[in-house]
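If you're matching positions, the sequence shown starts at 1 in the UniProt record's numbering and goes up one per residue.
Glycine included, C-beta positions come from ideal geometry on N, C-alpha and C.
As structure tokens, the structure follows; a few thoughts come after it.
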Amino acid sequence: MNSNFQFLKDEFATFHDRAVKAEQLVIPDPRTSLVYSRMALEEAINWMYANDEDLEQQYNTTLHNLLVQPEFKEQFNHKLYNELFIIKNAGNLAAHNKPVNDIDSHKAIEALFYFGKWFIKSYAKEPVSEIGIFDFDYLPKEGGSTLSRKQIKQLQEQLDKELDTYQEQLKTKEAERQQLADENELFKKQIEALQAQIEANKVEANVEDEVNHPRNEAETRKYLIDVALREAGWDLKGVNDKEYKVQYMPKSTNTSETGYVDYVLWDDDGLPLALVEAKRTLESASKGENQAQLYADSLEKMHGQRPVMYYSNGYEIFLWDDQFYKQARPVHGFYTKAELQTVMFRRTHRKDIRTATIDTDIVERFYQMRAIKSIAEHFTGNDKSVGKLVGTNRGALLVLATGTGKTRTSIAFSKLLLECNWAKRILFLADRTSLVDQAKRNFVKHLPEHTSVNLLEEKDNLEARFAFSTYQTMMGLIDRSREEEARFYGVGHFDLIIIDEAHRSIYKKYQAIFEYFDALFLGLTATPKGNIDKNTYHVFGLPDKSPTDAYDFPEAVANKHLVPYYTIEVPTKFLREGIKYDELSEVEKEEFEEEILDGEEATGNEWIASSELNTWLFNKPTAKKTLQYVLENGIKKRGGDELGKTIIFAKNRKHAQFLKDTFMELDKEQFGNDYVKVITHKEDKAKEFINRFCDEEKDRLPQIAISVDMMDTGIDAPSCVNLVFYKPVKSKSKFWQMIGRGSRLRPDLFGAGQDKTHFLIFDLCGNFEFFNENPEGIETSSQKSLTEILFGLRLRLAEYLKSNQFIDDDALQNFRTELLDGLHKDIEILDLDRFDVKMKLEIVHEFGNENREIWNHLSKRDVKHIEDELAPLVKPQKGDTDLARYYDKLLFTLITKRLETPNSEEYINSFMIPITKVVGTSKKLLKKTTIPAVKSKEALIKLPLEEDFWKVEGIVHLEKLRKGVRELVKYIDPEDQRYVTTDFADYIIEDEIKTNRFSDTESPEYTSPFQNNVHRLEQLIRENENHITIARIRKGETITKEELQALEDILFKGGIDKEAIEKELGSQFSLVKFIIALMGLSPEKVDAAFAKFTNDYKLNAVQIQFLDTIKKFLTSNGKIEPSKLYDAPFKNYHSMGIDGVFTKQQGDIIFKIVEDFNQAN
1 MNSNFQFLKD EFATFHDRAV KAEQLVIPDP RTSLVYSRMA LEEAINWMYA NDEDLEQQYN
61 TTLHNLLVQP EFKEQFNHKL YNELFIIKNA GNLAAHNKPV NDIDSHKAIE ALFYFGKWFI
121 KSYAKEPVSE IGIFDFDYLP KEGGSTLSRK QIKQLQEQLD KELDTYQEQL KTKEAERQQL
181 ADENELFKKQ IEALQAQIEA NKVEANVEDE VNHPRNEAET RKYLIDVALR EAGWDLKGVN
241 DKEYKVQYMP KSTNTSETGY VDYVLWDDDG LPLALVEAKR TLESASKGEN QAQLYADSLE
301 KMHGQRPVMY YSNGYEIFLW DDQFYKQARP VHGFYTKAEL QTVMFRRTHR KDIRTATIDT
361 DIVERFYQMR AIKSIAEHFT GNDKSVGKLV GTNRGALLVL ATGTGKTRTS IAFSKLLLEC
421 NWAKRILFLA DRTSLVDQAK RNFVKHLPEH TSVNLLEEKD NLEARFAFST YQTMMGLIDR
481 SREEEARFYG VGHFDLIIID EAHRSIYKKY QAIFEYFDAL FLGLTATPKG NIDKNTYHVF
541 GLPDKSPTDA YDFPEAVANK HLVPYYTIEV PTKFLREGIK YDELSEVEKE EFEEEILDGE
601 EATGNEWIAS SELNTWLFNK PTAKKTLQYV LENGIKKRGG DELGKTIIFA KNRKHAQFLK
661 DTFMELDKEQ FGNDYVKVIT HKEDKAKEFI NRFCDEEKDR LPQIAISVDM MDTGIDAPSC
721 VNLVFYKPVK SKSKFWQMIG RGSRLRPDLF GAGQDKTHFL IFDLCGNFEF FNENPEGIET
781 SSQKSLTEIL FGLRLRLAEY LKSNQFIDDD ALQNFRTELL DGLHKDIEIL DLDRFDVKMK
841 LEIVHEFGNE NREIWNHLSK RDVKHIEDEL APLVKPQKGD TDLARYYDKL LFTLITKRLE
901 TPNSEEYINS FMIPITKVVG TSKKLLKKTT IPAVKSKEAL IKLPLEEDFW KVEGIVHLEK
961 LRKGVRELVK YIDPEDQRYV TTDFADYIIE DEIKTNRFSD TESPEYTSPF QNNVHRLEQL
1021 IRENENHITI ARIRKGETIT KEELQALEDI LFKGGIDKEA IEKELGSQFS LVKFIIALMG
1081 LSPEKVDAAF AKFTNDYKLN AVQIQFLDTI KKFLTSNGKI EPSKLYDAPF KNYHSMGIDG
1141 VFTKQQGDII FKIVEDFNQA N
């Protein structure tokens, strides 16, 4: 019997036998053939890991894991490597009982043949004669032993057992071989020579494959589209699934008026759900748009149903549902049949969300309803030519101050989409587990009739209406193929995705989620709209500084929906200026030399920057002074005997524990382990103690929570009255999230009728000063992984070395070549089975594959493209540690700075901090010379300790140090990391303490020419704003003469001349009207006046905004002239003012309400 795999028989019998069985069943039984192809591949690859010195034995021996190891991937040309995944993926489909056909078995057996050819040429003991190309005539047309599903499962179990046994044998064999190599120098040399020959064979095999492996670009393109369709559940077995003939094509395209659609996706009733037009890989997929439209016209005429249109070149896919959306959009996969059926259902059952009723049991405040209306109008429009409902935008962003009900608003909007047939499944994403838990509780509370699933804790449930997850978990769920399981979530699985705390860093880190799912996106953020990065707006398809709707912190405070804050900026000498050696006492200088310089004598110029404090250096007096200040000046409870609920935002976990220990020393009677808690992601049961801190029903400990990135956002703690900013913050979104922890209302906090009126922020690190100077904040690189940062450093260094000043230096150019080789390799070995890599496949192929030469001549555009698109995909190399990568970062930075700073003295003085860190690493390693690997590099490790080392010109010595030491830093003990506790005297700079009230900085000040009397009266009224009579006046209640007299007795004491005020303001001076003009009416009074009107009419977003503007005038001034409703700012809504926004009947009602206020005030 002829076989394509005869060349394997003598030397690799098991591989041969399984390959031949796969070959025999390609046509008669494709499923069993695929299983055998995969088993043959698995056999061969396990053999490679056992016998090839370049491949390290893996703990995880799944086929996928073995395939994606960098050292395995780099052995193949990219085309051959990619084809190994055809064998694996198609084999998985077969083993898991998914639809397969003889196209799959043909593709897999051909790929297995060329892999086998490469394998034998690389590993055969003797040179192999010419093998040729795959011969399809050797495939039997019938016969062969087919297997049942049960037999396939048994066969797989048998293989797994064989591989387990094989692995145990390999471990024993490897140990014996290593012992021989250690004891026998000749044996070791023989192994090295054999490995060298294998390497040469591999190179030759790759070249031969490139030259003699016939590949058809058109077939490959079609197969890429086939696989993508089948991932979505389309088996493509039907006679009309491919190359479907259609009638009614325009004569201008074909005189016969017929055409052939590449793919048609059919419903169970025989109607077309979608079509797919395939274009050449080298062409843009968008070139298929016109052809797809003509085919859709024809299919609609033939079958009475217009299909959804897709067009693709294998890399890009565009979806166009022109029955609802006027424009096509890029997607990253195809919809399942069920999802396309839903699209068809919505064509006739979708309701207008702009006019639908909002559930006021969920949201009752005007701004929440306005926000929902704004989103609805943003997502929806009308085709004016036919009066038809159409979809417009697919992204919306709500800016709602923390504590004003972001989640509630999203719940009410979600309910609206479900009831109007816009959504079937909704996903809520957050970056913290606590936020996911909290969101699910709120959704279940308000929508208990709908099934919900927390994907962090519960089994996947396809029927769930709501799913809740962190970004990290969702990334893994999308990419289930990593675990060799079928994908669970397709691109069309969710209809709405809610992004909690949407900002740039989230998108940058998890942009694959945003790009993968084809859904409506609703972003929620508390960051003020003017401070949101423009890229965040662009993510949601919005112009800069133009959220879909906004209700900022100042507005919420003005409307009494949140409480304001007072800031107390408390600088200390060290936190402001750092620690300067020459300013310390003699005793402290000795401590400095001992603790910080490891016993070395100081030069006198040493300086610890303030940014280093509480990072690795912790100074006890600084902590004691600042915490004591908080204890003395913070808001108290229990009659002033005890500090109110307090959150301290610490810099890191070590800092948090240090602060707790300091608290315990301050008062051992009051402060116990339960009173002060460190709450971080690493603390056991942290969630339980967050719940206790936030418990509003019981007053439970802890009273003071010291948090590291766990209570910055999403924690509802209305009783919290003190916040301590003990870390610098650069991100404006993070800054406002932290402020939001104290802004919630809390009635009766200090006893019956004694509500929380404000909260305090103790700023110890100059954050408010920073944001005064940098209103937009500064986007830090914290969202980048260390691996991504390193990739960027190496890329920029390589580009810098391209400069003319270095072009003639052979050593530097060789170094540049090494850098570019490494960067190219990082891209070349990317796991193409990862979904985020698949979405960037075109650029991955452009700069990966065999395209090493392109890296030598990168343009500025290329560099930016690589940093933005490819760098985030790069993962750490196997065996790499964080310490090794941090050491790389340190040295690459110093290498770059050395090139930029040729003068040695200037270099050493300017970069003493990173140099000191390198020196410190060497000192730690020298404690580990009992480890052979460290001992062998002892001379190299000592070099940085010599000052002359840093004066050497060039960078060769620095790169040699990096390469030699990076693999050793893993031996440094964790407890040997640089943490120092000092006892240097520090003090609070009393005359630089600043106190501010929120309204003082956020609201315009009232100016008056009558400073002596009128202005003083205004100040007194503001100071007594919570007086019961003033509160009743603002609510529009009737005041008795006795009550008014009692109020005047309070206000006109202390030298304020009432007669002078009457003289200046007129004899008609009324204290009631003066208070209303100054303080405005209460929001509750104004809202109540308009309540019936808003309930009687279904108002759109513009009408709601118009009413809100009237309400602001009334709450600020107590009245508004009717003519004002035709001027700015009301003209901004319509050129005709109120008449252009409301009907005459509605306008008359509004004028009557306004008239009532004007007459009363």
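Can you say whether residue i is buried or exposed, counting buried as having 16 or more other CB atoms within 10 angstroms of its CB?
i     : result
S481  : For S481, the pLDDT reaches just 40, beneath the cut-off of 50, and the residue's location in the model is therefore unreliable, although a value from the coordinates is still provided. Classification for S481: buried.
E485  : Residue placement at E485 is flagged as unreliable, the pLDDT there being 47, under the threshold of 50; the coordinate-derived value follows with that caveat. That one is exposed.
V246  : buried
L723  : buried
Y260  : exposed
H561  : buried
M839  : buried
H824  : buried
D518  : buried
Y979  : exposed
A1128 : exposed
K645  : buried
K756  : buried
V587  : exposed
Run through the DSSP bridge pairs and tell me what residue i is partnered with.
i    : result
W607 : K580
F762 : I568, V724
F468 : F428, N454
V308 : A274
Compute the Euclidean distance between the alpha carbons of residue i and residue j, then round it to the nearest angstrom.
i            : j     : result
K202         : Y471  : 41 Å
K637         : F671  : 16 Å
E967         : L891  : 13 Å
K685         : Y907  : 48 Å
A609         : I988  : 17 Å
D431         : N774  : 26 Å
S785         : V729  : 19 Å
D888         : N82   : 31 Å
E697         : R408  : 21 Å
residue 1171 : L1044 : In the structure displayed, the chain extends from 1 to 1161; residue 1171 sits before or after that span and is not available.
K79          : G132  : 18 Å
F115         : I45   : 10 Å
L496         : F413  : 10 Å
D241         : G381  : 35 Å
Rank the options by C-alpha distance to the C-alpha of residue i and give the top, closest one.
i            : options                : result
Y123         : K79, E11, D137         : E11
K21          : F72, L112, Q57         : L112
residue 1163 : P28, F553, E23, Q69    : Absent from the model: residue 1163. The displayed extent of the chain is 1 to 1161, so no value can be given.
L790         : F725, Y675, Y886       : Y886
V227         : L66, G91, G476, D269   : G91
D809         : L271, F7, I955         : I955
E953         : I895, T995, N996       : I895
W616         : F750, L631, I635, E595 : E595
S731         : F770, L749, P718       : F770
K440         : Y510, L631, I498, T357 : I498
Just to check, is the beta-carbon of residue i closer than 6 Å to a non-hydrogen atom of the ligand COA?
i    : result
D104 : For the ligand COA, the structure offers nothing, since it holds no ligand at all.
Point to revise | Three or more C-beta pairs below 8 Å linking the segment 1083-1103 and the segment 1121-1130 | key: Taking 8 Å as the limit for Cβ pairs, the verdict is that the segment 1121-1130 does not touch the segment 1083-1103.
Review point. Taking one C-beta from the segment 581-599 and one from the segment 627-635 each time, how about it: are there three or more such pairs within less than 8 Å?
Key: Not touching, per the Cβ criterion.
Exercise for review: Please determine if the segment 740-753 and the segment 676-684 are in contact, where contact requires at least 3 C-beta pairs separated by less than 8 Å.
Suggested key: Taking a contact to require three or more Cβ pairs closer than 8 Å, the segment 740-753 and the segment 676-684 do not qualify as touching.
**Study point:** Cβ contact check for the segment 642-654 and the segment 693-709: 3 or more pairs under 8 Å
**Key:** At 8 Å Cβ cutoff, the stretches touch.
Point to revise | Any 3 or more C-beta pairs closer than 8 Å across the segment 95-108 and the segment 22-33 | key: With a cut-off of 8 Å, the segment 22-33 and the segment 95-108 count as touching, because enough Cβ pairs lie within range.
Check your understanding: Below 8 Å, can you find three or more Cβ-Cβ pairs linking the segment 519-529 to the segment 449-457?
Key -> No, the segment 519-529 does not touch the segment 449-457.
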